[in-house]
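K.L.:
First the structure, which I've put down as C-alpha cells, then a few questions once you've had a look.
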Amino acid sequence: MIGFLDDIVTTVAIGLVAFLMIPLGMTVLRMIVGPGYADRFVALDMLTGLAVALGALTAVVTGRREFLDVAFGLAVFGFVATCALAAFLERKGAGK
Numbered sequence: 000m001i002g003f004l005d006d007i008v009t010t011v012a013i014g015l016v017a018f019l020m021i022p023l024g025m026t027v028l029r030m031i032v033g034p035g036y037a038d039r040f041v042a043l044d045m046l047t048g049l050a051v052a053l054g055a056l057t058a059v060v061t062g063r064r065e066f067l068d069v070a071f072g073l074a075v076f077g078f079v080a081t082c083a084l085a086a087f088l089e090r091k092g093a094g095k
C-alpha cells in the first residue's frame, strides 16, 4: 500500500513540474519583452518563486532533502533581490 501511494505522489509531482513549465516560459518571455523595469522586476520575482516550487517538487520526486536546502536558499535570494530591486525602482521613479 505504501509503495502505491509513493507512486501516486511521484506521478502527481512530475505532472506539477510539467505544468509549471507553462508559467515558467511565460515569465521568461515577460522578462525579455517587458516594456519597463517594473515588469521585468515582477517577472524576476515570479521566476524565483517558480524556482523554489520546482526545487521543492524535485525534493519530493527524488526523495533527497538537499533540494529543499537549495529551494530555501533560492527563497532567501529572491527576498533579498526583491528588496534591492524595490529600492532601485524607488530611486529610479517607479519604473518610468
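So for the sequence shown, numbering that gives the first Met the number 0 puts the first residue at 0; every next one is plus one.
The C-beta atom is built at its ideal place from N, Cα and C for all residues, glycine as well.
Only a predicted model underlies this, so the values are computations on that prediction, with no experimental measurement involved.
What is the rounded straight-line gap between the Cα of T10 and the Cα of P22?
P.N.:
C-alpha separation (whole angstroms): 20 Å.
K.L.:
Who are the near neighbours of A52 in its chain, counting only those whose CB is closer than 7 Å to its CB and skipping five residues on each side?
P.N.:
Once the five neighbours on either side are set aside, the close Cβ partners of A52 are L19.
K.L.:
Between which two residues does the alpha helix (DSSP H) holding G33 run?
P.N.:
Premise fails: G33 is in no alpha helix (DSSP H) and is neither H nor E.
K.L.:
Please state if the CB of A37 and the CB of L88 are separated by a distance shorter than 9 Å.
P.N.:
Cβ distance < 9 Å, so L88 and A37 count as in contact.
K.L.:
Skipping 5 residues on each side, what residues in its chain have a beta carbon closer than 7 Å to that of F40?
P.N.:
Excluding residues within five positions, the ones whose Cβ falls inside 7 Å are L84 and L88.
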